[in-house]
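*Asks:* Below you'll find the structure I mean.
In this note's numbering, the protein residues as written are 4 to 331.
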């Protein structure tokens, strides 16, 4: 059934998948007639998309209707659910309904269950920055796709430099490919060449969280400045810090309570890999649970200030200093 739901925060990979789907389905001659991109700001966007999907395409081709940033995976009225139930089973095979969202669809929703029944749901989440093996695998595959050969230590440096930023990964690989093509003899690029050509963006939010945890004010402010220079969205930065400190707090509280089973701690702390718990316990060992508890209200206050329109840079700097002082 021609229904697709793509979701996740890795907008680069998600948009690549959308482009590949469009290229595969649309006839270039008829694309301007058979392609509709509907934004959530448009009135009755979802109903409009469903109605369009029932319209036969022009010419001997397919029709693609793309509902951008839809909220259908999170909330769905009874009226809209009834429309989905009427439409999805009867979509023409030549009409393809694509829905995308940065948020994970609610598996309990009847609308999501309908999408699962009649279509394909695919995840495009960012790989956590600490999953270095997964990041290396993605970088290795991307390098093969683009056609650039890297020495093992050069690949390691590339991953350290770009972290989990997929867009930056492909951008840097394309730059490295241009450099490699100019060399007289084809050979894997070295670590030195990568360090010269690749812009380091490893100053990510997790490193900022680490500097705050250690109470290193100067380092934290330096990392914050780098993140701001890289146009890191302030609210996403705060979300990462909140998630990381909440994880540290859960691990600390459970460890202090006497829990020894790593699987249990991982499940309660929402850590995907139980093997990571050992390292998290080492990280929070010098801190008390009371210290970590005091961090979360500060982060909440920071989020509220940003959402109320406070100037981002001085607000972030002030709160980072306050957090470092709490944990020093």
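Ideal Cβ positions, reconstructed from N, Cα and C, are used throughout, including at glycine.
(1) Taking residue 21 and residue 101 to be in contact with their CB atoms under 8 Å, please state how far apart those CB atoms are, rounded to whole angstroms.
(2) How should residue 328 be labelled, buried or exposed, when 16 other C-beta atoms within 10 angstroms of its C-beta is the threshold for buried?
(3) Cutting at 7 Å between CB atoms, please list the residues of its own chain near residue 280, excluding the five before and the five after it.
(4) Leaving out five residues on either side along the sequence, give the residues of the same chain with a beta carbon under 7 Å from the beta carbon of residue 220.
(5) Just checking my contact of residue 179 with residue 142 at CB under 8 Å: how many whole Å lie between their CB atoms?
(6) Can you give the Cα-Cα distance for residue 68 and residue 38, rounded to whole angstroms?
(7) Check residue 126 in the structure and name its three-state DSSP category.
(8) If we ignore side chains and look at the alpha-carbon of each, how far apart do residue 200 and residue 186 end up?
(9) Using three-state DSSP, classify residue 278 as helix, strand or coil.
(10) Hey, could you find the ends of the alpha helix (DSSP H) residue 29 is sitting in?
(11) Residues in its own chain within less than 6 Å of residue 70 by CB, not counting five upstream and five downstream?
(12) Taking the Cβ atom as the reference point for each residue, do residue 194 and residue 146 lie within a distance shorter than 7 Å?
(13) Apart from the five residues just before and just after residue 315, which ones in its own chain have a Cβ nearer than 7 Å to its Cβ?
(14) Taking buried to mean at least 16 other C-beta atoms within 10 Å of its own C-beta, is residue 206 buried or exposed?
(15) With DSSP as the reference, please indicate the residues paired to residue 99 in a beta bridge.
(16) Quick one, are the C-beta atoms of residue 160 and residue 114 less than 7 Å apart?
(17) Per DSSP, which one or two residues make a beta bridge with residue 8?
(18) Determine which residues share a DSSP beta bridge with residue 49 and list them.
(19) Throw me the rounded Cβ distance for the residue 10 and residue 107 pair, which I believe falls under 8 Å.
(20) Since residue 40 sits in a beta bridge, which residues does DSSP pair it with?
*Replies:* The short version:
(1) The sequence position of residue 21 within the chain shown is 18, counting from 1. The sequence position of residue 101 within the chain shown is 98, counting from 1. Contact between residue 21 and residue 101 holds, since their C-beta atoms are separated by about 7 Å, short of 8 Å.
(2) For the purposes of this step, residue 328 is taken as residue 325 along the chain shown, with counting starting at 1. When all chains shown are included, residue 328 counts as exposed.
(3) If you number the chain shown from 1, residue 280 lands on position 277. Excluding sequence neighbours, residue 280 sits near 254, 265, 268, 269, 274.
(4) Mapped onto the chain shown, residue 220 falls at position 217. Around residue 220: 324, 327.
(5) Position 176 of the chain shown, counted from the first residue, corresponds to residue 179. Position 139 of the chain shown, counted from the first residue, corresponds to residue 142. Not quite, the Cβ-Cβ distance comes to about 11 Å (not below 8 Å), so this is no contact.
(6) The count along the chain shown starts at 1 and reaches residue 68 at position 65. The count along the chain shown starts at 1 and reaches residue 38 at position 35. The alpha-carbon atoms of residue 68 and residue 38 are separated by roughly 6 Å.
(7) If you number the chain shown from 1, residue 126 lands on position 123. It is a strand residue.
(8) On the chain shown, position 197 is the one that residue 200 refers to. On the chain shown, position 183 is the one that residue 186 refers to. Whole-angstrom Cα-Cα distance: 14 Å.
(9) Within the chain shown, residue 278 is the residue found at index 275, counting from 1. In this structure, residue 278 counts as coil in the three-state DSSP scheme.
(10) Position 26 of the chain shown, counted from the start, is the residue given in the question as residue 29. Residue 29 -> no alpha helix (DSSP H), and no H or E assigned at all.
(11) What you label residue 70 is simply residue 67 of the chain shown in a count that begins at 1. Taken in chain order, the residues that qualify are 41, 52, 102.
(12) Position 191 of the chain shown, counting from 1, holds the residue named residue 194. Position 143 of the chain shown, counting from 1, holds the residue named residue 146. No, these two residues do not count as a Cβ contact at 7 Å.
(13) In the chain shown, residue 315 corresponds to position 312, counting from 1. If we look at residue 315 and ignore the five residues flanking it on each side, its Cβ neighbours are 237, 309.
(14) In the chain shown, the residue the question calls residue 206 occupies position 203. Unreliable positioning characterises residue 206 in this predicted model, as indicated by a pLDDT of 48, which lies under 50. The coordinate reading is nonetheless provided below. When all chains shown are included, residue 206 counts as buried.
(15) Residue 99 sits at position 96 when you count from the first residue of the chain shown. According to DSSP, residue 99 bridges with 67.
(16) Locating residue 160 in the chain shown gives position 157, where the first residue counts as 1. Locating residue 114 in the chain shown gives position 111, where the first residue counts as 1. Cβ distance not < 7 Å, so residue 160 and residue 114 don't count as in contact.
(17) Here the question's residue 8 lines up with position 5 in the chain shown. Residue 8 is bridged by DSSP to 102, 124.
(18) As a working note, residue 49 is residue 46 in the chain shown. Answer is none; residue 49 lacks a bridge partner.
(19) In the chain shown, the residue the question calls residue 10 occupies position 7. In the chain shown, the residue the question calls residue 107 occupies position 104. About 6 Å; that satisfies the 8 Å criterion.
(20) Start at 1 with the first residue of the chain shown, and residue 40 comes out as number 37. Residue 40 is bridged to 69.
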